[in-house]
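In the numbering used here, the protein residues as written are 5 to 73.
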């Protein structure tokens with residue numbers, strides 16, 4: 005029986021499934037990488053943007069990174 009499960013590929017290339025699959029013995033599997041971020045990804049980035057800006061957009065940060073510009 006064919007089963008479909010959602011997963012998100014992490015930065016290490018690991019693919020943890022969002023829900024368990026029930027199989028007996030080894031089975032072949034196909035992985036299709038979609039050209040879109042995971043659901044909720046945009047909201048997470050938007051929420052983090054202000055917190056990061058508050059931390060990074062300071063004169064001390066500009067001074068610390070000036071040697072790389």
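Cβ coordinates follow ideal geometry from the N, Cα and C atoms, glycine included.
Here the structure is a predicted model, which is why all the values come from computation and not from measurement.
DSSP on residue 11, reduced to helix/strand/coil?
Along the chain shown, one-based indexing puts residue 11 at 7. Strand at residue 11.
Can you give the Cα-Cα distance for residue 25 and residue 16, rounded to whole angstroms?
Position 21 of the chain shown, counted from the first residue, corresponds to residue 25. Position 12 of the chain shown, counted from the first residue, corresponds to residue 16. The straight-line gap from Cα to Cα measures roughly 22 Å.
Check each candidate in 69, 41 and 31 and name the one with the smallest Cα separation from residue 10.
In the chain shown, the residue the question calls residue 10 occupies position 6. With distances taken between Cα atoms, residue 10 lies closest to 41.
Apart from the five residues on each side of it in sequence, which residues of its chain come closer than 8 Å, Cβ to Cβ, to residue 32?
Against the chain shown, residue 32 aligns to sequence position 28. Answer for residue 32: no residue qualifies.
Span separating the alpha-carbon of residue 54 from that of residue 68
Along the chain shown, one-based indexing puts residue 54 at 50. Along the chain shown, one-based indexing puts residue 68 at 64. Approximately 20 Å, taken between the alpha carbons.
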